[in-house]
Amino acid sequence: MAVSVGGTSEYNSEINVTPMVDVMLVLLIIFMIVTPLLQQGVSVNLPRDVVSAEEDGDIAKDTSVIVAIPDNSNFYIGKDQYPLSELGDVIKRRMEGKTPDKRIVYIKSGIDVDYGRVVSAIDTIRKQDIDKVGLVADRKKGTEKAN
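Each residue of the sequence shown is one higher than the one before, starting from 23 at the first, in our numbering.
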């Protein structure tokens, strides 16, 4: 005589969703924490775009050279800080091997940066035989990309 204690001896074919939901919530939290850390370069308070210009897709590429000027005394390429005197040499090294149509340097300048500092950065870039300089601005609130 066999006594069944604690339930039936049949197999349960239903999916237990609770562990799956727990794993998904943990993954969601991990992605929410890690995503802001993946931001490239230095954060700069950019001026707003007054005229809706066409956005250049090359800005987001890893191979593009972006000079960030968050204030009047600092120049960054990526997360590395350089003085204005070394900026030209660094840009020249990064542009080696690129075709002339791909030799573009983008400048992200903060709102409070003097115009003269931006012009001196552009002058330094132009001395490296780079003719294309792009200025990066934030989109105005409410302005959407025209399709």
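Virtual Cβ for every residue (Gly too), placed ideally from N, Cα, C.
query: What span of residues does the beta strand (DSSP E) with residue 131 cover, start to end?; result: 126-131
query: Going straight from the alpha carbon of residue 139 to that of residue 122, what length do you get?; result: 26 Å
query: Within a Cβ cutoff of 8 Å, which residues of the same chain sit near residue 111, ignoring the five residues on either side of it in sequence?; result: none
query: State yes or no: is the C-beta of residue 135 within less than 7 Å of the C-beta of residue 94?; result: yes
query: Which residues in the same chain have their Cβ closer than 8 Å to the Cβ of residue 116, if we skip the five residues on either side of it in sequence?; result: 87 and 99
query: Name the residue from 53, 96, 54 and 31 whose alpha carbon lies nearest to the alpha carbon of residue 131.; result: 96
query: State yes or no: is the C-beta of residue 91 within less than 7 Å of the C-beta of residue 150?; result: no
query: Have a look at residue 49 and residue 60 and give me their C-alpha separation to the nearest angstrom.; result: 16 Å
query: So which of 124, 32, 56 and 145 has the shortest CA-CA distance to residue 106?; result: 145
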